[in-house]
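Enquirer: Sharing a structure, written as structure tokens. Questions coming.
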Amino acid sequence: MGETRKRGRKPKTPASTTEAMDFQYTAAAAAQNDAVTAQNDVFIAANDAVSTATANNDANNPPPARRGRGRPRKSGAGHTEDTEPHVAASPERRPYQNGGVVVEPPPQPVAKWESIAARVVPAMDAVVKVFCVHTEPNYSLPWQRKRQYSSSSSGFIIGGKRVLTNAHSVEHYTQVKLKKRGSDTKYLATVLAIGTECDIAMLTVSDDEFWEGVSPVEFGDLPALQDAVTVVGYPIGGDTISVTSGVVSRIEILSYVHGSTELLGLQIDAAINSGNSGGPAFNDKGKCVGIAFQSLKHEDVENIGYVIPTPVIMHFIQDYEKNGAYTGFPILGVEWQKMENPDLRLAMGMKPDQKGVRIRRIEPTAAESHLLKPSDIILSFDGVKVANDGTVPFRHGERIGFSYLVSQKYTGDTALVKVLRDSEIVAHDIKLATHKRLIPAHTNGKPPSYYIIAGFVFTAVTVPYLRSEYGKDYEFDAPVKLLDKHLHAMAESTDEQLVVVSQVLVADINIGYEEIVNTQVLAFNGKLVKNLRSLAHMVENCNDEYLRFELEYQQIVVLQTKAAKAATLDILTTHCISSAMSDDLKT
1 MGETRKRGRK PKTPASTTEA MDFQYTAAAA AQNDAVTAQN DVFIAANDAV
51 STATANNDAN NPPPARRGRG RPRKSGAGHT EDTEPHVAAS PERRPYQNGG
101 VVVEPPPQPV AKWESIAARV VPAMDAVVKV FCVHTEPNYS LPWQRKRQYS
151 SSSSGFIIGG KRVLTNAHSV EHYTQVKLKK RGSDTKYLAT VLAIGTECDI
201 AMLTVSDDEF WEGVSPVEFG DLPALQDAVT VVGYPIGGDT ISVTSGVVSR
251 IEILSYVHGS TELLGLQIDA AINSGNSGGP AFNDKGKCVG IAFQSLKHED
301 VENIGYVIPT PVIMHFIQDY EKNGAYTGFP ILGVEWQKME NPDLRLAMGM
351 KPDQKGVRIR RIEPTAAESH LLKPSDIILS FDGVKVANDG TVPFRHGERI
401 GFSYLVSQKY TGDTALVKVL RDSEIVAHDI KLATHKRLIP AHTNGKPPSY
451 YIIAGFVFTA VTVPYLRSEY GKDYEFDAPV KLLDKHLHAM AESTDEQLVV
501 VSQVLVADIN IGYEEIVNTQ VLAFNGKLVK NLRSLAHMVE NCNDEYLRFE
551 LEYQQIVVLQ TKAAKAATLD ILTTHCISSA MSDDLKT
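The numbers in the sequence shown follow full-length UniProt numbering, run straight up by one, and end at 587.
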């Protein structure tokens, strides 16, 4: 399977390779142009001879027109290759005053993408280059941060003195600066909101000079298949603005790699490279129809890029304007099964004219989890009927997953859900909320939590932690039990966490326990461990003679209480750790 990756410009690029490729292309093109020019000179000389002979003929009996050969003339923009199919026009004959005729070439057609580019040009001034310095937390050593690094990406100006870009372009930001097209000044920016799920971030600049002479980008409607799109940004390979064109090739629910969620997305065949992230995609009217954010890299595919469409963008903007902050995309809180098998539908009591999907599991943390039950058949969502494959009508000739209807709602909204239960139709007003995962996909910019006692480093498992421990292929290399909980386990409460012994900082007091790594903590002194805060509180206030930790695989760790607490200070000093617990656990 191809791997879908988010796009962000890397700090270093192999400039020499790019320059060599450009030089080779330029030399070949120059040689070709020389050859074509020489050939055209021959044709011009021949045409001059024909014109001279024609002038001596009778004006009432003109000779047949000669068919032009050779390279056609360039249009005003210098390109004629990408034109729509057309019928070649005949040369126009205009009589001389002395009875002769002169042959004039027909007007050359304007390339389709040139007309699109002409309409996009005014909006290109609103596209900016985003410079960001990142300082990422070290999830494996949570008391420190990694070395800072820099990146560049794209963004664009919208109404209200705001700028949109990708969330992954400013993730773990320390400083963000913006530079306008044609300017040599970088302006400090402030991050207003980061939408992790939808991979969109909103910025602003306090300096009024930044907003002078620039018109904000206008948003267009969701494009149709085969509609032309132009992606504008600052990708790898140069410092100036870049324009690539293509068409919309697919519209469906996509997997957002950075957000670890599924939302509506556009697939286009325009090139989206490192640094294009956050740049706008314009339609043929010069209006923005999306934000470039990721592409598919695989040996069997070429030029497959993905764009965040306007419905998702407007949801993000309106969510921020409504709540003063980003609250996220809500979910229904259920896992469902397709009902395409006719025997399954009969067994569930469905009539021939009824369609829907079966609820397999319900999130315990869902706001209205008590209203729905397993094996309920979802027939409709807000009056829109759900098919047996979980899709709903989208546009003419198109269908889309019914999760699209849910994603159009806002956190706290209600939706009318009709279900079939025991062969009877039941309607519920379901309150929608954001997803609470046992293993969160993101930490929302917060540093990781940790607690240290007697050299045992306890932390809560998150996806960034798994990626830090096992690399980008953590879904293959992480322990099976952690992966099972990551993919299938559901949180029983909103504050539940998966607490593990991350590592053991070797000391005399923990002899024999050194090989315990990434093992879940189930209980402490007979009490279940709900989250990291509860574990730290129980250990700090323990007056028993021993500290007894019950781990998975029936392992136990026993330490003498007074000796463990006394040894902790020496271990922290040895490893230059300022505190035995993260700041969020101290409050």
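Glycine is no exception: its CB is placed at the ideal position from the N, C-alpha and C atoms.
Taking the beta strand (DSSP E) that residue 267 belongs to, which residues open and close that run?
Expert: Stepping through the sequence shown from its first residue, residue 267 is reached at position 267. Unbroken beta strand (DSSP E) run through residue 267: 261 to 268.
Enquirer: With C-beta atoms as the reference, is residue 363 less than 7 Å away from residue 490?
Expert: In the sequence shown, residue 363 corresponds to position 363, counting from 1. In the sequence shown, residue 490 corresponds to position 490, counting from 1. It is a contact, given that the beta carbons lie within the stated cut-off.
Enquirer: Can you tell me where the beta strand (DSSP E) with residue 431 in it begins and where it stops?
Expert: As a first step, residue 431 is located in the sequence shown; it is residue number 431 there, counting from the start. It spans 424 to 431 - the beta strand (DSSP E) in which residue 431 sits, taken as one unbroken run.
Enquirer: How would you call residue 360, buried or exposed, if buried means at least 16 neighbouring beta carbons within 10 angstroms?
Expert: Sequence index remark: in the sequence shown, residue 360 carries index 360 (1-based). Label assigned to residue 360: exposed.
Enquirer: Give a yes or no on contact between the region 497 to 507 and the region 568 to 584, applying the rule of three or more CB pairs nearer than 8 Å.
Expert: Counting Cβ pairs under 8 Å, three or more are found: they touch.
Enquirer: Taking DSSP's pairing of strands, which residues face residue 336 in a bridge?
Expert: Locating residue 336 in the sequence shown gives position 336, where the first residue counts as 1. For residue 336, which the question treats as bridged, DSSP gives the partners 359.
Enquirer: When you compare each of 487, 151, 533 and 225 to residue 398 by their alpha carbons, which one comes out closest?
Expert: Here residue 398 refers to the residue found at position 398 when the sequence shown is read from its first residue. When only C-alpha atoms are compared, the closest one is 225.
Enquirer: Work out the CA separation of residue 328 and residue 263 for me, nearest whole Å.
Expert: Locating residue 263 in the sequence shown gives position 263, where the first residue counts as 1. Locating residue 328 in the sequence shown gives position 328, where the first residue counts as 1. Rounded to whole angstroms, residue 263 to residue 328 spans 12 Å at the Cα level.
Enquirer: For the beta strand (DSSP E) that residue 612 lies in, which residues bound it at each end?
Expert: With the chain represented from 1 up to 587, any question about residue 612 goes unanswered, as that position is not in the structure.
Enquirer: Is the Cβ-Cβ distance between residue 417 and residue 430 less than 7 Å?
Expert: To locate residue 417, count along the sequence shown from 1; it is residue 417. To locate residue 430, count along the sequence shown from 1; it is residue 430. Going by C-beta atoms, residue 417 is nearer than 7 Å to residue 430.
Enquirer: What are the start and end residues of the beta strand (DSSP E) that includes residue 252?
Expert: Taking the first residue of the sequence shown as 1, we reach residue 252 at position 252. Taken as a continuous stretch (DSSP letters only), the beta strand (DSSP E) holding residue 252 covers 242 to 256.
Enquirer: If you run the structure through DSSP and keep just helix, strand and coil, what is residue 619?
Expert: Residue 619 is absent from the structure shown; the chain starts at 1 and stops at 587.
Enquirer: Since I believe residue 189 is in contact with residue 178 (beta carbons under 8 Å), could you give me their beta-carbon distance rounded to a whole number of angstroms?
Expert: The residue given as residue 178 occupies position 178 in the sequence shown. The residue given as residue 189 occupies position 189 in the sequence shown. About 5 Å separates the two Cβ atoms, so the contact holds.
Enquirer: Run through DSSP, which three-state label would residue 318 get?
Expert: One-based indexing of the sequence shown puts residue 318 at position 318. Helix.
Enquirer: Can you tell me which of the three DSSP states residue 605 falls into?
Expert: Residue 605 lies beyond the stretch modelled for the chain, which goes from 1 to 587, so this question has no answer here.
Enquirer: My assumption, with CB atoms under 8 Å, is that residue 275 sits in contact with residue 154. Please give the rounded CB distance.
Expert: Indexing the sequence shown from 1 puts residue 275 at position 275. Indexing the sequence shown from 1 puts residue 154 at position 154. That belief holds up - the Cβ atoms of residue 275 and residue 154 are roughly 7 Å apart, short of 8 Å.
Enquirer: Once DSSP output is grouped into helix, strand and coil, what is the label at residue 538?
Expert: Here residue 538 is taken as the residue at index 538 of the sequence shown, counted from 1. In the structure shown, residue 538 sits in a helix (DSSP, three-state: H, G or I).
Enquirer: For residue 444, which of 136, 127 and 123 has the nearest alpha-carbon?
Expert: For the purposes of this step, residue 444 is identified with residue 444 of the sequence shown, where counting begins at 1. Of the candidates 136, 127 and 123, the one whose C-alpha sits nearest the C-alpha of residue 444 is 136.
Enquirer: Measure the C-alpha to C-alpha separation of residue 498 and residue 469 and round it to an integer number of angstroms.
Expert: Counting from 1 along the sequence shown, the entry for residue 498 is found at position 498. Counting from 1 along the sequence shown, the entry for residue 469 is found at position 469. The alpha-carbon atoms of residue 498 and residue 469 are separated by roughly 16 Å.
Enquirer: Below 7 Å between beta carbons: does that hold for residue 388 and residue 355?
Expert: Your numbering for residue 388 matches position 388 in the sequence shown. Your numbering for residue 355 matches position 355 in the sequence shown. Yes, the Cβ-Cβ distance between residue 388 and residue 355 is below 7 Å.
Enquirer: Give a yes or no on contact between the region 226 to 241 and the region 264 to 284, applying the rule of three or more CB pairs nearer than 8 Å.
Expert: Touching, yes.
Enquirer: If you follow the beta strand (DSSP E) that residue 524 is part of, which residue opens it and which one closes it?
Expert: Residue 524 sits at position 524 when you count from the first residue of the sequence shown. Here the beta strand (DSSP E) through residue 524 covers 519 to 524.
Enquirer: Check whether the region 402 to 416 touches the region 445 to 458, taking contact to mean three or more Cβ pairs, one atom from each stretch, closer than 8 Å.
Expert: Because the criterion of three Cβ pairs below 8 Å is not met, the region 402 to 416 and the region 445 to 458 do not touch.
Enquirer: Can you check DSSP and say which residues form a bridge with residue 380?
Expert: Here the question's residue 380 lines up with position 380 in the sequence shown. DSSP output for residue 380 lists 385 and 418 as bridge partner(s).
Enquirer: Apart from the five residues on each side of it in sequence, which residues of its chain come closer than 8 Å, Cβ to Cβ, to residue 384?
Expert: Position 384 of the sequence shown, counting from 1, holds the residue named residue 384. Contacts found: 392, 393, 402 and 405.
Enquirer: Hey, which unbroken runs of the alpha helix (DSSP H) at 4 residues or more fall wholly within the region 422 to 482?
Expert: If we require 4 residues or more, the alpha helix (DSSP H) runs fully inside the region 422 to 482 come out as 463 to 470 and 474 to 477.
Enquirer: Hey, how far is the Cα of residue 281 from the Cα of residue 162?
Expert: The count along the sequence shown starts at 1 and reaches residue 281 at position 281. The count along the sequence shown starts at 1 and reaches residue 162 at position 162. Roughly 17 Å separates the two Cα atoms.
Enquirer: Around the C-beta of residue 268, are 16 or more other C-beta atoms found within 10 angstroms, so that it is buried, or is it exposed?
Expert: For the purposes of this step, residue 268 is taken as residue 268 along the sequence shown, with counting starting at 1. Per the 10 Å Cβ criterion, buried.
Enquirer: What does a CB cutoff of less than 8 Å around residue 440 pick up in its chain, not counting 5 residues either side in sequence?
Expert: On the sequence shown, residue 440 is found 440 positions in, with the first residue counted as 1. Closer than 8 Å at Cβ, skipping near neighbours: 462 and 463.
Enquirer: Give the secondary structure of residue 313 by DSSP, where H, G and I count as helix, E and B as strand, and everything else as coil.
Expert: What you label residue 313 is simply residue 313 of the sequence shown in a count that begins at 1. Note: residue 313 maps to helix in three-state DSSP.
Enquirer: With a Cβ-Cβ cutoff of 7 Å, do residue 253 and residue 216 count as a contact?
Expert: Position 253 of the sequence shown, counted from the start, is the residue given in the question as residue 253. Position 216 of the sequence shown, counted from the start, is the residue given in the question as residue 216. Going by C-beta atoms, residue 253 is not nearer than 7 Å to residue 216.
Enquirer: In three-state terms, what does DSSP make of residue 27?
Expert: Against the sequence shown, residue 27 aligns to sequence position 27. Reliability of the predicted coordinates at residue 27 is poor, the pLDDT of 39 falling under 50, and the value obtained from them is presented with this limitation in mind. Helix, per DSSP.
Enquirer: Could you spell out where the alpha helix (DSSP H) holding residue 167 opens and where it closes?
Expert: Position 167 of the sequence shown, counted from the start, is the residue given in the question as residue 167. That residue, residue 167, is in no alpha helix (DSSP H); it is neither H nor E in DSSP.
Enquirer: To the nearest angstrom, how far is the alpha carbon of residue 583 from that of residue 570?
Expert: Residue numbering aside, residue 583 sits at position 583 when the sequence shown is read from its first letter. Residue numbering aside, residue 570 sits at position 570 when the sequence shown is read from its first letter. Distance between the alpha carbons of residue 583 and residue 570 is about 20 Å.
Enquirer: So, is residue 395 buried or exposed, given that buried needs 16 or more other C-beta atoms within 10 angstroms?
Expert: On the sequence shown, position 395 is the one that residue 395 refers to. Label assigned to residue 395: exposed.
Enquirer: Helix, strand or coil for residue 190? Go by DSSP, reduced to three states.
Expert: The sequence position of residue 190 within the sequence shown is 190, counting from 1. Strand, per DSSP.
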